[in-house]
Every structure is written in C-alpha cells, then in structure tokens.
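Engineer:
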Amino acid sequence: MRLPNVSELVSDGLLDRAAASDADTPAISRLEFLPGWLVYGPVIAQWVALGLWHRDLSLPTAANPLISTGGLCGERKSQILGLAGPAARQWVAPWTTLVTGQDDFARASCAMMDSGLALPVVVKPDIGCNGTGVRLVRDLATLAEALAAFPRGVTLVLQAFIDLPGEAGIFYIRHPDEAAGRVTSLTLKRPPSVVGDGVSTLRALIDADPRHRRLIDLYGARLGARHGEIPAAGARVPLVFAGNHCKGSIFTNGAAEITAALTARMDAIAKDIPQFHFGRFDVRFGSLAALRRGEDFSIIEINGVGSEATHIWDPATRLGAIWADQLRHYGAAWAIAAALRKEGARPSGLRAMWRDWRAQIRLMASYPVND
154 MRLPNVSELV SDGLLDRAAA SDADTPAISR LEFLPGWLVY GPVIAQWVAL
204 GLWHRDLSLP TAANPLISTG GLCGERKSQI LGLAGPAARQ WVAPWTTLVT
254 GQDDFARASC AMMDSGLALP VVVKPDIGCN GTGVRLVRDL ATLAEALAAF
304 PRGVTLVLQA FIDLPGEAGI FYIRHPDEAA GRVTSLTLKR PPSVVGDGVS
354 TLRALIDADP RHRRLIDLYG ARLGARHGEI PAAGARVPLV FAGNHCKGSI
404 FTNGAAEITA ALTARMDAIA KDIPQFHFGR FDVRFGSLAA LRRGEDFSII
454 EINGVGSEAT HIWDPATRLG AIWADQLRHY GAAWAIAAAL RKEGARPSGL
504 RAMWRDWRAQ IRLMASYPVN D
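Start counting the sequence shown at 154; every next residue gets the next number (my numbering).
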C-alpha cells in the first residue's frame, strides 16, 4: 500500500518538476493532528484581546457585510454563491438548491433540469462545514438514497461535479483601502487512498499505513461493510471524497504556485462578489500549470470569516508557523472589519453569533456520513 508518488503526480499534471520536491514531504507528522486547544489557543487569545480593544467580540463578522455573520458560522453556501456577479459566476460550478420534504427525488430532478445540471452531482448541506454530509452522486439510485438520508426541512445544495484532477484552497484578502486584493495562501488537496495487492483486505491496507490507521474512525464510518473487501492488485481505492483535513484528506502547502496571473484572476472574481474581503475559494483545477495562469479551474465553494488558510495542515509545517499564519490571517479579518465599521458596516453581535453557531451544530449532528 502506498500514496501516489511524485512521478505519478507529475505524470497526472498535478505537479511539475519545479514543484515536485515539495511532494516528498512525509504524509504524517506529529504536528498534523495536534489537539484543537493547542492549535487555536493563540487565535482565541487574539480574538478576546482584539475584541476588548475594539469593544466588540463579534467585530470580524463585519468583514464581509453581505454574508450572515461574515461567514463565521451558520452562513448558507447558497447565499454566498448567489452573491457572485456575472463575471464571477463564470468560474463557479453550476448549482441549485432543494429543501428536503415530500417527493424529493422528483423535485430534485426538476431543479436540476431547470439549472442545466446532469449527473454526477455533489449533494451537500446548505449550512455546514468541514465536509459534513457531502455526498458524491453518480446515478439516480444514489441520488434518491442521498436525499432520503437527510432530515426533512433541510436545505441542500446540488452542484455539478467538476471532474478535474486537482483540488485547492485559495485564500484571498483585500483591505477596503487597497485597490487590489492578495492571495495569501494556497493549499493543494488530495484524497487519501490505498492500492490493492490482490491479497490484503481494505482494513489491512489501511492498518498498514501510518497515517491512515490513525484515522480509521473517520474512514471506517464511511466504508462500513467494505472493510473485508480485497481490492485487486493495482486498484486504487479512495478513502474519502470530501476535501477536508478533518475528514482525512492530505494537504500540501502550495505557496510556490501563487503567481501574479492567479492573483489577478482571484481578485477580479472576488471584486465581483459585493463587499467580499476575506475568505477562501475552494476550487478544482486541471493542472498546476493552468492554475498558475489563472485558467482551467472551477470554484466549488466560497468561505468567509470562519475559513482558515489550510496550508497550515501540511505535515511539514512547524507549530510556530501554524500560530503565526493563523494570527496573521485572522488579524487581517479584524483590521478589515474595523475599517468597514467606520464606513457603516454592522457586526452581527454575540447573541446572533451564538444562535447561528448553535443552529449549525444541531444541523450538522443530523447529517449523514460524508463520502
């Protein structure tokens, strides 16, 4: 069992020779799965200190004034995607929404037809985070099953599956006083997988990998009865679809791929989203060469103040760099929100933050296991 090696990634077009050396980083480190209190302790301390200084602990929610809580928590994916103007919309994967209830399958089929969507699609909750409940649907039977797995009255996003080999998170920041924004972080994501040898079971292949076996609880819930399956020799079996670190995906710092062309493209897209100043664009892309040129990618999600610069989860990142980059990014959200408050933007307030966070947690607990 092994993860894709550098030569395979190069041949797949996801890396080129200039970036290949970065892929030699081990897939696991003692820092990659640090406890949350250690990773986010300095962020919380910064939040409290700046909240007291600015006399509003909810101030960062004003960084993206047209998004509920600025995208900190409880925001709807459809609300953010719906803000995209005509120029930005060209880069967003087509999508529609559905509220679960009666005749879900028939209504979903009509909604997809009206939006020009065809299978495969990605079904994901409108309110949620970290890939919770995200399902990849390739056929009609799986669509009916996925819709039925959610509780009634929940809004879902049905989005075209972008069948491109690469996935990345691109972080964007623009202060209100700046003429142009900046790409401050780029993370390359790849799903964990095992390669069959024709003898070992899926569970044995997972247990043989030092990273995968630490995440067996995550993978096990999804794989279910497939644990005893014996993949054919050479067959690659993905362990997760959702491109989130907390769901087991592997993240690599792609800062070397940030170019002036990519920055200009993301700036133009972000400026066509009214009053969007701080957040992360999750994209699927064809090749790193095209991504550097700001071409051949589709946006699958836009995240606001609650998003993070996910390059920190590269196994090679040191703890000090994790803290420094977190503080730098969230510090920018405070500075942006403070400037916008002077222009009339209003933070959500602690009560609304607490309400939306609690509502999000309750909803996420009711979602099915992600793919």
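In this text, a Cβ means the ideal position worked out from N, Cα and C, and glycines have one as well.
Does the Cβ-Cβ distance between C226 and W510 come in under 8 Å?
Structural biologist: yes
Engineer: In the DSSP output, which residue or residues are listed as bridge partners for K424?
Structural biologist: Its beta-bridge partners do not exist; DSSP assigns none.
Engineer: With a threshold of 16 other CB atoms inside 10 Å of the CB of G286, please say whether the residue is buried or exposed.
Structural biologist: buried
Engineer: Applying the criterion that 16 or more other CB atoms from any shown protein chain within 10 Å of the CB defines a buried residue, is D165 buried or exposed?
Structural biologist: With a pLDDT of only 43 at D165, under 50, the local geometry of the prediction cannot be trusted, and the value read off the model is given with reservation. Looking at its Cβ environment, which holds fewer than 16 other Cβ atoms inside 10 Å, D165 is exposed.
Engineer: Can V390 and G349 be called in contact, C-beta distance under 8 Å?
Structural biologist: yes
Engineer: N456: which of A321, A474, K230, P247 sits nearest, CA to CA?
Structural biologist: If we check each option's Cα against that of N456, K230 comes out closest.
Engineer: Can you give me the Cβ contacts of A477 inside the same chain, cut-off strictly under 7 Å, excluding the 5 residues immediately before and after it?
Structural biologist: So the list is empty, once near-sequence residues are dropped.
Engineer: From L236 to P363, what does the alpha carbon distance come to, in whole angstroms?
Structural biologist: 43 Å
Engineer: May I have the straight-line CA-CA distance separating I323 from G224, to the nearest angstrom?
Structural biologist: 16 Å
Engineer: Whole beta strand (DSSP E) runs in the region 403-459 with 3 or more residues, listed along the chain?
Structural biologist: Considered as a whole, the region 403-459 harbours 403-406, 431-438, 450-456 as its complete beta strand (DSSP E) runs of no fewer than 3 residues, in chain order.
Engineer: Let me make sure I understand the geometry here. Which of K277, A474, D425 has the alpha-carbon closest to that of G334?
Structural biologist: D425
Engineer: Looking only at C-alpha atoms, which of H464, N397, F450, G204 sits nearest to L339?
Structural biologist: Its Cα nearest to that of L339, the residue H464 stands out among H464, N397, F450, G204.
Engineer: Excluding the five sequence neighbours on either side, which residues of its own chain have a C-beta within less than 6 Å of the C-beta of R433, listed in chain order?
Structural biologist: Same-chain partners within the cutoff: G322, F324, N456, S460.
Engineer: V352 by DSSP, collapsed to three states: which one?
Structural biologist: coil
Engineer: Given I489, which residues of its chain have a CB within under 7 Å of its CB, disregarding the five upstream and five downstream residues?
Structural biologist: Cβ neighbours of I489 beyond the five flanking positions: A216, H328, P329, H430, F431.
Engineer: Going by C-alpha to C-alpha distance, which of V310, L472, L415, G387 sits closest to I453?
Structural biologist: V310
Engineer: Is the region 293-309 close to the region 254-273, with three or more CB pairs under 8 Å?
Structural biologist: yes
Engineer: Starting from W476, trace the alpha helix (DSSP H) both ways and give me its first and last residue.
Structural biologist: 472-495
Engineer: At a cut of 8 Å, does the region 275-290 reach the region 491-501 through at least three beta carbon pairs?
Structural biologist: no
Engineer: In the DSSP assignment, what are the bridge partners of L309?
Structural biologist: Partner(s): L251, P278.
Engineer: Less than 6 Å between C-beta atoms, sequence neighbours within five positions excluded: which residues of the same chain meet that for A443?
Structural biologist: D449
Engineer: Quick one: residues in its chain with C-beta nearer than 8 Å to the C-beta of L558, no 5 flanking neighbours on either side, listed in chain order?
Structural biologist: Because residue 558 is not part of the residues shown, which for the chain are 154 to 524, the question remains open.
Engineer: Less than 8 Å separating the beta-carbons of W244 and Q312?
Structural biologist: no
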